[in-house]
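J.: Chains as they are written, first to last, in my numbering: chain B, 508 to 850; chain A, 508 to 850. Here you go, one structure.
Protein chains: 2
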Amino acid sequence: MDNTNRSFKSWRLKQRPSGEIETTDLELVDDIIPEINDNEVLVRTIYFSLDPTNRIWMSDVDQYMEPVEIGDIMRAGGSLAVVEESKVEGVSIGEIVQGGMHGGWQEYFVMPASDIIKIPKDTGLPLTAFISVLGFTGPTAYFGFLDIGKPKEGETVVVSAAAGAVGSIVCQIAKIKGCKVVGIAGSDEKCKWLKDDLGVDHVINYKKENILESLKKSCPDGIDIYFDNVGGETLDAALTLMNKFGRIPVCGLISMYNDWSSTGPKMYRNILMKTLTVTGFLVSDYAEQFGECLESLGKWIAEGKIKYKVDVVDGIENAPTAVNKLFSGENNGKLIIQTSKEP
Amino acid sequence: MDNTNRSFKSWRLKQRPSGEIETTDLELVDDIIPEINDNEVLVRTIYFSLDPTNRIWMSDVDQYMEPVEIGDIMRAGGSLAVVEESKVEGVSIGEIVQGGMHGGWQEYFVMPASDIIKIPKDTGLPLTAFISVLGFTGPTAYFGFLDIGKPKEGETVVVSAAAGAVGSIVCQIAKIKGCKVVGIAGSDEKCKWLKDDLGVDHVINYKKENILESLKKSCPDGIDIYFDNVGGETLDAALTLMNKFGRIPVCGLISMYNDWSSTGPKMYRNILMKTLTVTGFLVSDYAEQFGECLESLGKWIAEGKIKYKVDVVDGIENAPTAVNKLFSGENNGKLIIQTSKEP
Chain B
508 MDNTNRSFKS
518 WRLKQRPSGE
528 IETTDLELVD
538 DIIPEINDNE
548 VLVRTIYFSL
558 DPTNRIWMSD
568 VDQYMEPVEI
578 GDIMRAGGSL
588 AVVEESKVEG
598 VSIGEIVQGG
608 MHGGWQEYFV
618 MPASDIIKIP
628 KDTGLPLTAF
638 ISVLGFTGPT
648 AYFGFLDIGK
658 PKEGETVVVS
668 AAAGAVGSIV
678 CQIAKIKGCK
688 VVGIAGSDEK
698 CKWLKDDLGV
708 DHVINYKKEN
718 ILESLKKSCP
728 DGIDIYFDNV
738 GGETLDAALT
748 LMNKFGRIPV
758 CGLISMYNDW
768 SSTGPKMYRN
778 ILMKTLTVTG
788 FLVSDYAEQF
798 GECLESLGKW
808 IAEGKIKYKV
818 DVVDGIENAP
828 TAVNKLFSGE
838 NNGKLIIQTS
848 KEP
Chain A
508 MDNTNRSFKS
518 WRLKQRPSGE
528 IETTDLELVD
538 DIIPEINDNE
548 VLVRTIYFSL
558 DPTNRIWMSD
568 VDQYMEPVEI
578 GDIMRAGGSL
588 AVVEESKVEG
598 VSIGEIVQGG
608 MHGGWQEYFV
618 MPASDIIKIP
628 KDTGLPLTAF
638 ISVLGFTGPT
648 AYFGFLDIGK
658 PKEGETVVVS
668 AAAGAVGSIV
678 CQIAKIKGCK
688 VVGIAGSDEK
698 CKWLKDDLGV
708 DHVINYKKEN
718 ILESLKKSCP
728 DGIDIYFDNV
738 GGETLDAALT
748 LMNKFGRIPV
758 CGLISMYNDW
768 SSTGPKMYRN
778 ILMKTLTVTG
788 FLVSDYAEQF
798 GECLESLGKW
808 IAEGKIKYKV
818 DVVDGIENAP
828 TAVNKLFSGE
838 NNGKLIIQTS
848 KEP
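The structure is reproduced here in C-alpha cells:
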C-alpha cells in the first residue's frame with residue numbers, strides 16, 4: 508500500500524493540565540501513516556479507552572509508569588484496532604487486535620508481531636465487550652476485589668464510583684460472592700440502575716446525600732471491604748466505619764487527580780485503630796492470571812450475572828472533552844472513543 | 508491477711524487531655540486493698556509499662572479497644588507483679604506474674620486464676636526483660652516486621668522512632684534478616700547507639716536533618732519496608748520514596764496522638780502509584796504465636812544479636828510526667844515505672 512498520501516490524526520500532549528483537562532492542553536496533529544517493516548502490522552484504531560488514569564499520565568507527579576512526555580501521542584488504557592497491512596505470518600488483513608501499549612489517542616499505528624493479541628471471533632459478544640468488561644475494567648474489578656479485597660460471604664462491601672466501568676463489576680462480583688453491597692454513585696439514574704438491574708443492596712447518591720450519614724444507615728454492621736475508586740471525602744467516611752481487619756483495595760483516587768496538593772484522609776489513623784490493610788494495585792501486575800479471570804467473567808456474563816454498559820463517543824476530535832465526563836460523572840458506562848467503523 | 512488498714516495508690520483518669528498529658532488530667536487516689544476470693548491472688552505491682560498508647564486510651568476517639576473511662580484506673584500496656592496473697596492452687600507467695608489486662612497505674616490489684624501467667628525463674632535475664640523485649644515491645648517488633656513487613660534479604664528498611672523500645676528491636680531483626688537498615692531518631696546520642704551498638708547502616712537525627720533529603724541520600728535504591736511508629740512528616744517522606752510493592756506496617760502514629768485533628772499523609776496517593784500495602788497491626792492479635800516469637804527473641808538475646816535498653820522511673824507518683832518523655836523523645840529505652848522493689 509502506498510501511504511505517502513495518507514495521513515492520520517493523533518492527539519499529542521502540548522502542556523500539562525493544571526486542574527481539569529482543557530482541549531488546549533492537547534493538540535490534534537496530522538501525520539503520514541508510516542511504512543511497516545517485516546514482522547509488523549499496520550492497524551487502524553476502531554476504539555480507544557478513556558480512563559481516569561489519562562489524567563495521571565498527563566501530570567508529572569511520580570506515578571506507576573512514566574508520564575506521557577510533552578509532544579508525545581496521548582497514551583490510552585486500551586484500544587481495539589483492525590489490521591490493514593500485515594508483514595506478520597498468521598495475521599491477516601481484517602483481523603481485530605488489542606492495541607496494548609502501542610495504541611493511543613490516534614487513528615493508526617504500527618505493532619510488532621510479538622505484541623499482537625487477537626480478539627476472539629464469533630463469541631456472540633459485541634466487540635466493545637473486549638475494551639470494557641473483557642478488556643481491562645473487568646479484570647481490574649476481579650483482581651482488586653478478589654485478590655486484594657479477600658471477600659467472605661456475608662461481609663459488607665462498599666464501592667465508590669459504583670456505576671463506573673470498574674465499580675459496577677465489583678458490585679456484581681461482590682453479590683456473586685454473597686456479600687452485602689452498598690454502592691455510591693452520582694445520580695439517581697445510576698443508583699436506580701445499580702439497585703434494579705445489578706442487585707446492589709443499598710445505594711447512595713453522593714451528590715444529594717451526606718456520605719458518612721448514609722453509610723452509617725446502610726452499614727449497621729460496619730464495613731469489611733471498601734473498594735476505593737475516588738479517595739477524598741468518601742474514603743474518609745469509609746475509614747470511619749471500617750471494621751477490625753477491614754481491607755481497602757485502592758483502585759483509584761479520582762478526586763485527587765485534578766489537584767495533587769490535596770491531603771490524605773483525615774481518618775488515616777483508623778488503619779492502626781482498626782488494623783486495616785490498604786493496598787494499591789494495578790491490573791497489569793496480574794497479566795499472568797488473565798486467562799482464569801476472563802474465563803470467570805465470560806461465564807458470569809453468559810449466565811446473566813454480570814451486566815455492563817459502554818458509553819461510545821464518536822470521533823477522535825472529541826477525546827479531550829469526553830475524558831472530563833469521567834470526572835464530572837456524566838459518562839454512562841465504560842467510556843470509549845470510536846475513531847472508525849467496525850469491519 | 509487483714510487488709511483493712513492497708514491502702515494502695517492508683518492513678519485515675521480525671522479528664523481527657525487536650526494536647527499533651529497534664530498531671531491534672533489524672534488523680535492519684537488512695538484505696539483500701541481488697542479482700543480476695545477463692546481462685547484469686549492479690550499482687551503487688553513492681554513495674555508497669557508506659558507506652559504511647561496510654562495517650563490513645565485517654566482520648567475518646569474511636570480506637571482499637573475501649574478508651575479508659577473518666578474515674579477509672581489508668582490502663583497499662585503491661586506490668587509485673589509479685590504475689591502477696593494466694594487462694595489459687597499452685598501459685599505461691601513471692602512468685603512473679605504478668606499483670607495482663609488487670610494491671611494498671613496502681614500499686615496493688617487482684618487477679619483471677621485463669622489469667623495468671625508466671626514469669627520463668629532463673630533465666631539469667633533481669634526481670635525488666637519481661638516487661639520490655641520479652642514483654643510486648645519485642646513481640647510487637649517481631650510480628651509487625653516479619654508478618655506485616657515480609658522482609659527479603661537485601662531490601663531497604665526504614666524505621667522511625669528507631670531508638671525506641673519497638674523500633675530498636677525492629678532494626679536488629681532487620682539486620683538479622685539481611686536487610687539494609689536506616690534508623691530515624693531524635694538525638695545524636697540515640698543515633699550513635701543505633702549505629703555503633705546495634706549495627707544500623709544509616710541514621711538520621713530528625714531534629715537536625717531534613718528527613719526527606721536525608722532519606723534520599725541513605726536510600727539510593729528506594730525503600731522497601733517503612734516500619735511506622737510516628738506518622739506525620741516522616742510517613743510522608745517515606746511514602747515519597749517507597750518502591751513498587753513496598754510495605755508499611757503501621758505500629759504507631761505518635762505524632763498524631765496529641766492532636767487528632769491532624770490530617771493524613773499528603774503522599775497517600777503513592778499507595779496507588781507504587782502499589783503499596785499499608786497495614787495496621789496490634790501485637791495482641793498474635794497471642795497464639797507468642798511462644799515461637801519469645802523463643803526466637805530469647806535465642807537472639809543469648810547470642811548477643813539483640814540488645815535492649817530499659818528506662819526505669821522510680822515511683823508511681825511520676826507516671827503522668829514520665830509518660831510525656833515518650834512524646835518529647837527524652838526517654839532512653841523501654842520506659843517503665845517502678846512502684847516497689849523486686850523480691
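The C-beta atom is built at its ideal place from N, Cα and C for all residues, glycine as well.
1) Would you list the one or two residues that DSSP bridges to residue 619(B)?
2) Kindly indicate which residue of 810(A), 674(A) and 600(A) has the alpha-carbon position closest to the one of residue 551(A).
3) Out of 528(A), 542(A), 604(A) and 545(A), which has the shortest C-alpha to C-alpha gap to residue 564(A)?
4) Taking all protein chains shown into account, decide if residue 508(B) is buried (16 or more other Cβ within 10 angstroms of its Cβ) or exposed.
5) Is any beta-carbon of chain A found at less than 9 Å from that of residue 758(B)?
6) Measure the Cβ-Cβ separation of residue 831(B) and residue 781(B) and say whether it is below 9 Å.
7) Along the chain, where does the beta strand (DSSP E) that runs through residue 733(A) open and close?
8) Could you run through the segment 768-800 of chain B and flag, in chain order, every residue whose CB is less than 9 Å away from some CB of chain A?
9) If you measure from the beta carbon of residue 833(A) to each beta carbon in chain B, is any gap under 9 Å?
10) Please confirm if residue 763(A) has its CB atom under 9 Å from at least one CB of chain B.
11) Is residue 752(B) near residue 559(B), with beta carbons less than 9 Å apart?
12) Give the single residue among 659(B), 534(B) and 769(B) whose Cα lies nearest to the Cα of residue 471(B).
13) If you measure from the beta carbon of residue 849(B) to each beta carbon in chain A, is any gap under 9 Å?
14) Nearest chain A C-beta to residue 822(B) closer than 9 Å, yes or no?
15) Counting only beta-carbon atoms, is residue 734(B) nearer than 9 Å to chain A?
16) Give me the subset of the segment 564-585 of chain B whose CB atoms are less than 8 Å from a CB atom of chain A, sorted by chain position.
17) So is residue 725(B) buried or exposed if we call it buried at 16+ other beta carbons inside 10 Å?
18) Which of the three DSSP states is assigned to residue 844(A) in this structure?
19) How is residue 787(B) classed by DSSP in three states: helix, strand or coil?
20) What would DSSP say about residue 624(A), mapped onto helix, strand or coil?
21) Shorter than 9 Å from the beta carbon of residue 751(B) to some beta carbon of chain E?
22) Is there contact between the segment 635-643 of chain B and the segment 571-583 of chain B, where contact requires at least three CB pairs shorter than 8 Å?
23) So, is residue 721(B) buried or exposed, given that buried needs 16 or more other C-beta atoms within 10 angstroms?
24) Out of 517(B), 678(B), 548(B) and 562(B), state which residue places its alpha-carbon closest to the alpha-carbon of residue 735(B).
25) With H, G and I counted as helix, E and B as strand and the rest as coil, what does DSSP make of residue 756(B)?
26) Could you tell me whether the Cβ atoms of residue 554(A) and residue 676(A) are closer together than 9 Å?
27) Identify whether residue 518(B) lies in helix, strand or coil by the three-state DSSP scheme.
28) Roughly how many whole angstroms lie between the Cα atoms of residue 807(B) and residue 762(A)?
29) Counting Cβ pairs closer than 8 Å, one from the segment 784-800 of chain A and one from the segment 650-664 of chain A, do we hit at least three?
30) Could you tell me which whole beta strand (DSSP E) segments of length 3 or greater appear in the segment 554-618 of chain B?
31) Please report the residue range of the beta strand (DSSP E) in which residue 534(A) lies.
32) Secondary structure at residue 836(B), three-state DSSP: helix, strand or coil?
33) Quick check on residue 744(A): buried or exposed, where buried means 16 or more other Cβ atoms within 10 Å of its Cβ?
34) Closest by CA to residue 557(A), which one among 746(A), 844(A) and 532(A)?
35) Mind checking if residue 510(B) is an interface residue toward chain A, Cβ cutoff 9 Å exclusive?
T.: Once the coordinates are examined:
1) Taking the first sequence and counting its residues from 1, one reaches residue 619(B) at position 112. Beta-bridge analysis with DSSP links residue 619(B) to 547(B).
2) Position 44 of the second sequence, counting from 1, holds the residue named residue 551(A). Here the closest residue by C-alpha is 600(A).
3) One-based indexing of the second sequence puts residue 564(A) at position 57. It is 528(A) whose Cα lies nearest to the Cα of residue 564(A).
4) By 1-based counting over the first sequence, the position of residue 508(B) is 1. In this predicted model, residue 508(B) has a pLDDT of only 48, less than 50, meaning its place in the structure is not dependable; the value taken from the coordinates is given anyway. With fewer than 16 other Cβ atoms within 10 Å, it is exposed.
5) Residue mapping note: residue 758(B) aligns to position 251 of the first sequence, counting from 1. Yes, contact with chain A.
6) Residue numbering aside, residue 831(B) sits at position 324 when the first sequence is read from its first letter. Residue numbering aside, residue 781(B) sits at position 274 when the first sequence is read from its first letter. For residue 831(B) and residue 781(B), no; Cβs fall outside 9 Å.
7) Residue numbering aside, residue 733(A) sits at position 226 when the second sequence is read from its first letter. Run containing residue 733(A): 730-734, per the beta strand (DSSP E) assignment.
8) Listed by position along the chain: 768, 769, 770, 771, 772, 773, 774, 775, 776, 777, 778, 779, 780, 781, 782, 783, 784, 785, 786, 787, 788, 789 and 792.
9) Taking the second sequence and counting its residues from 1, one reaches residue 833(A) at position 326. Using a CB distance cut-off of 9 Å, residue 833(A) does not count as an interface residue toward chain B.
10) Working through the second sequence from its first residue, we reach residue 763(A) at position 256. Chain B, which has a Cβ nearer than 9 Å to the Cβ of residue 763(A), makes this yes.
11) Residue numbering aside, residue 752(B) sits at position 245 when the first sequence is read from its first letter. Residue numbering aside, residue 559(B) sits at position 52 when the first sequence is read from its first letter. No, the Cβ-Cβ distance between residue 752(B) and residue 559(B) is not below 9 Å.
12) Coverage of chain B is limited to positions 508 through 850, which leaves residue 471(B) absent and any answer about it impossible.
13) Stepping through the first sequence from its first residue, residue 849(B) is reached at position 342. The beta-carbon of residue 849(B) is placed no less than 9 Å from the nearest beta-carbon of chain A.
14) If you number the first sequence from 1, residue 822(B) lands on position 315. No, residue 822(B) lies away from the interface with chain A (no Cβ there is under 9 Å from its Cβ).
15) The residue labelled residue 734(B) in the question sits at position 227 within the first sequence. No, because no Cβ of chain A sits closer than 9 Å to the Cβ of residue 734(B).
16) Against chain A - using a Cβ distance shorter than 8 Å - the residues of the segment 564-585 of chain B are 568, 569, 570 and 571.
17) Walking along the first sequence from the start, residue 725(B) turns up at place 218. Result: buried.
18) On the second sequence, residue 844(A) is found 337 positions in, with the first residue counted as 1. Correct three-state label for residue 844(A): strand.
19) The residue labelled residue 787(B) in the question sits at position 280 within the first sequence. DSSP places residue 787(B) in strand when its eight states are reduced to three.
20) The count along the second sequence starts at 1 and reaches residue 624(A) at position 117. Three-state DSSP puts residue 624(A) in coil, outside helix and strand.
21) Considering every chain present, this structure includes no chain E. Its protein chains are B and A.
22) The segment 635-643 of chain B and the segment 571-583 of chain B do not touch, with fewer than 3 CB-CB distances between them shorter than 8 Å.
23) In the first sequence, the residue the question calls residue 721(B) occupies position 214. Flag for residue 721(B) reads buried.
24) Along the first sequence, read from residue 1 onward, the residue named residue 735(B) stands at position 228. Closest option to residue 735(B), Cα to Cα, is 678(B).
25) Looking up residue 756(B) in the first sequence gives position 249. Assignment of residue 756(B) by DSSP, reduced to helix, strand and coil, places it in the strand class.
26) For the purposes of this step, residue 554(A) is taken as residue 47 along the second sequence, with counting starting at 1. For the purposes of this step, residue 676(A) is taken as residue 169 along the second sequence, with counting starting at 1. Between residue 554(A) and residue 676(A), the CB-CB gap reaches or exceeds 9 Å.
27) As a working note, residue 518(B) is residue 11 in the first sequence. DSSP places residue 518(B) in strand when its eight states are reduced to three.
28) Here residue 807(B) refers to the residue found at position 300 of the first sequence. Here residue 762(A) refers to the residue found at position 255 of the second sequence. Each residue's alpha carbon lies about 48 Å from the other.
29) Contact between the segment 784-800 of chain A and the segment 650-664 of chain A is present: three or more C-beta pairs spanning the two stretches fall below 8 Å.
30) The segment 554-618 of chain B contains these whole beta strand (DSSP E) runs: 586-593 and 603-605.
31) For the purposes of this step, residue 534(A) is identified with residue 27 of the second sequence, where counting begins at 1. Here the beta strand (DSSP E) through residue 534(A) covers 533-539.
32) In the first sequence, the residue the question calls residue 836(B) occupies position 329. In the structure shown, residue 836(B) adopts coil according to DSSP, grouped into three states.
33) The residue given as residue 744(A) occupies position 237 in the second sequence. Taking every protein chain shown into account, the CB of residue 744(A) has 16 or more other CB atoms within 10 angstroms, so this residue is buried.
34) Walking along the second sequence from the start, residue 557(A) turns up at place 50. It is 844(A) whose Cα lies nearest to the Cα of residue 557(A).
35) For the purposes of this step, residue 510(B) is identified with residue 3 of the first sequence, where counting begins at 1. Per-residue confidence for residue 510(B) stands at a pLDDT of 47, beneath the threshold of 50, marking its modelled position as unreliable; the derived number appears in the next sentence. Output row for residue 510(B): interface = no.
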